[in-house]
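Numbering (our numbering), first residue to last: 3 to 297.
All C-beta atoms in this analysis are idealised placements derived from N, C-alpha and C, irrespective of residue type, glycine included.
Small disclaimer: the values here were computed from a predicted structure and weren't measured.
Report on the following structure.
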Ligand SMILES: [Zn+2]
C-alpha cells in the first residue's frame, strides 16, 4: 500500500514537472501529441494529418535546401501614412508584432534552391498581424516578382493572410494592383509563378497575387476565399446556416479552385519518409516543366 502511494506521488510530481505546452491536443481528432513528435512530423498531427500553423521561418526551412535561403529587404518597415488609431495607434500595434515575431513585417523574400533548382521565394507570416498586406508586403511580393523576371527564375509565393491591412487604408488596397501588375510582367516574360495557399488566405491577398499563380497549390485544409464565415456573419449580423459553413478541408480548398489540393504531405512531409520529400519534388517538377514549356 505504501509503495502504491509513493508511486502515485511520484507520478503526480512527474506530471507537475512537465512544462506547459509540452503536450498538444489536436483540434481535429483530439489526440494528444508531444511537441517533439509533432516537430518530427513537420507540425502535422501524427494521427489524422491535421496541419498546425507554421511561421515563415519554419515554412522556409521546410521548403528549401538547407542553408540556401538568402533573404533580401529584411529591414523594410511599415510607415503610418494615415496616422491610424483604433483601439491603439498603428505604430504601437506594429511594435507589438515586431516584438512577438522578431520581424519587421509580415513577408520575407529572398533567393534559394529547391533540390538544386534556383527559386525566388516569398513567404507571408500569419503571426505578424494576421499576415495582413500593407505597403511592405506588397512591395516585397512585387520586388520578388521583379527579381524573378530579371533573373529568369521561377517565383514561389506562400500566402497565409487575413487580407489587406486596414490600418494602411487605401495604401494597402493599392498593393493589390501593384502586385498584380508585377506578376503580369513576370507572366509576359514567360517566367513561371507558383502560388501556395496556406491556412488561411482571405481578402485582398486571395483577390490578388495568391490567385494569380500559373500553378496554385493549396495546403490540405487551408481555408481560402474572399471572406471567412466569421467576417460574413459579422457583416450581415446573422448566423450562417450550418450547410453554408465549410464542412471539410476538401470544400475549403475547393473554394479557391487550386490546381492541386495538396494531400497531407505535399506541403509538409514526415521526416521519416523515405526518398525525396514530396514538397520540393512537387514544386521543382512544376517549375521545371513550366520553365521548359513557356520559353
Ligand atoms: Zn489529429
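Just how far apart, CA to CA, sit residue 253 and residue 224? Here the model assigns residue 253 a pLDDT of 37, short of 50, so the residue's position is not dependable and the matter cannot be decided.
Checklist line | Delimiting residues of the alpha helix (DSSP H) encompassing residue 235 | finding: 231-238
| query | Going by the beta-carbon positions, is the gap between residue 159 and residue 124 smaller than 9 angstroms? | reply | yes
query = In whole angstroms, what is the alpha-carbon distance linking residue 132 and residue 14?
reply = 39 angstroms
Query raised in the report: residue 223: beta carbon under 8 angstroms from a heavy atom of ligand 1?
Result: Not so, every heavy atom of ligand 1 lies at least 8 angstroms from the Cβ.
Residues bridged to residue 161 by DSSP? 199
Item checked: Bridge partner(s) assigned by DSSP for residue 36 -> 25
* **Spatial distance of residue 75 from residue 144 (CA atoms)** => Approximately 12 angstroms, taken between the alpha carbons.
query: By DSSP, does residue 227 sit in helix, in strand, or in coil?
result: coil
| For residue 145, which residues does DSSP report across the bridge? | Partner residues in a beta bridge of residue 145, as assigned by DSSP, do not exist.
Problem - Three-state class that DSSP yields for residue 66 in the structure shown - result: coil
Next item on the list: Check each candidate in 173, 53, 44, 175 and name the one with the smallest Cα separation from residue 361.
Entry: With the chain covering only 3 through 297, there is no way to say anything about residue 361.
- Query: In chain order, what residues of the same chain have a beta carbon less than 6 angstroms from the beta carbon of residue 80, not counting five sequence neighbours either side?
  - Reply: 96, 107, 136, 138
For residue 217, which of 57, 199, 8 has the nearest alpha-carbon? Comparing alpha carbon positions, the residue from 57, 199, 8 closest to residue 217 is 199.
Inset, instruction - Could you name each continuous alpha helix (DSSP H) segment of 4 residues or more that falls completely within the segment 97-153, going from the start of the chain to the end? - result: Listed in chain order, they are 137-153.
| said: Using the Cβ count rule (16 or more neighbours within 10 Å means buried), how would you classify residue 65? | reply: buried
I'd like to know whether the C-beta atoms of residue 1 and residue 78 end up nearer to each other than 9 angstroms. In this structure the chain extends from 3 to 297, so residue 1 is not present and cannot be described.
Chain-ordered list of residues that sit, by beta carbon, closer than 6 angstroms to a heavy atom of ligand 1: 28, 30, 31, 33, 47, 49, 50, 52
Query raised in the report: Can you find at least 3 beta carbon pairs, one from the segment 155-174 and one from the segment 186-204, that sit closer than 8 angstroms?
Result: yes
- Contacting residues, own chain, Cβ-Cβ under 6 angstroms from residue 72 (five flanking each side not counted): 112, 113
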